[in-house]
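Remarks on the structure that follows.
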Amino acid sequence: METLEVQMPLVSRQRFADLVGVTLDTVNKWCDRGYAPTVQMGRWSLINLALINSRCLDKEFKSLDTNIVSLRAHRADATARSA
40 METLEVQMPL VSRQRFADLV GVTLDTVNKW CDRGYAPTVQ MGRWSLINLA LINSRCLDKE
100 FKSLDTNIVS LRAHRADATA RSA
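Numbering (the working numbering) for the sequence shown: 40 to 122.
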């Protein structure tokens, strides 16, 4: 999987479609349904890559936090059983 380094916080819908490998029509539908966050700049509707990146990092952090809590609970349960 190719890593995308976010240097530009906003990109056109066409550029986003090219980056993720889908058609412009698909991106337009994602935007219309609220799946892809957009920002209005005059007559342009741009994809907010910074917000997408932030949401992904937040989701990753929450997943990691949940796994740590589960591991601690499992260890505590195992310790209680052996005592």
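Beta carbons: idealized from backbone N, C-alpha and C, even for Gly. Just so you know, these numbers come straight off a predicted model, no measurement behind them.
Residue 78 is bridged by DSSP to 85. For residue 66, the enclosing alpha helix (DSSP H) starts and ends at 63–71. Distance between residue 68 and residue 58, taken at the CA atoms: about 16 Å. A direct Cα-Cα distance of roughly 24 Å separates residue 79 from residue 97.
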